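> Below you will find the structure I want to go over with you.
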Amino acid sequence: MPLPESTLPTIRLTRSRNSLGIRLPASIAREALLQVDQVVKLSVVEGGVMIRPVQHRLSLAERLEAYEPMAGEPTEAMAFPPVGAEVIE
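When we follow my numbering, the leftmost residue of the sequence shown carries the number 39, and every step to the right adds one.
Here it is as structure tokens:
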């Protein structure tokens, strides 16, 4: 559930080299499911700034490693009949 507008904290921008920085209050970070060292994307929206998490896209190797077949699901299948010297057991 979003925090009511009246309870949102006011924070001061700080200088960090040639950029501006903010510190997100823990309550807002928790509400937005943001974590330390998480990659986020910034965009300007209606005169404000939106911070959105960047979704990590799994590589094929990561997807295959995480794959678990459902109970009863065959783990191997041949979609075509044998055409040569394949061994079928």
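Glycine residues also receive a C-beta, built at the ideal position from the N, C-alpha and C atoms.
For clarity, every value in this text was computed on a predicted model and none was experimentally measured.
Report, in whole angstroms, the separation of the C-beta atoms of Val78 and Ile89, which I expect to be a contact under 8 Å.
The pair is a contact, with the Cβ atoms about 5 Å apart (cut-off 8 Å).
> Report the CB separation of Gly59 from Thr48 in whole angstroms; it is logged as a contact under 8 Å.
Not really, about 16 Å apart at Cβ, beyond 8 Å.
> Going by alpha carbons, who is nearest to Gln73 out of Val82, Arg61, Val83 and Ser81?
Gln73 has its Cα closest to that of Arg61, out of Val82, Arg61, Val83 and Ser81.
> At what residue ranges does the region 40 to 105 contain a whole run of the beta strand (DSSP E), taking only runs of 3 or more?
Segments of the beta strand (DSSP E) lying fully in the region 40 to 105: 52 to 54, 57 to 59, 78 to 83 and 86 to 91.
> Hey, would you say Pro91 sits closer than 8 Å to Gln76, going by beta carbons?
The answer is yes: Cβ separation under 8 Å.
> If you draw a straight line from the alpha carbon of Leu102 to that of Ser54, how long is it in whole angstroms?
If you take the alpha carbons of Leu102 and Ser54, they lie about 42 Å apart.
> Keeping to the same chain, check which residues put their C-beta closer than 8 Å to that of Leu96; ignore five residues upstream and five downstream.
So the qualifying residues of the chain are Ala104.
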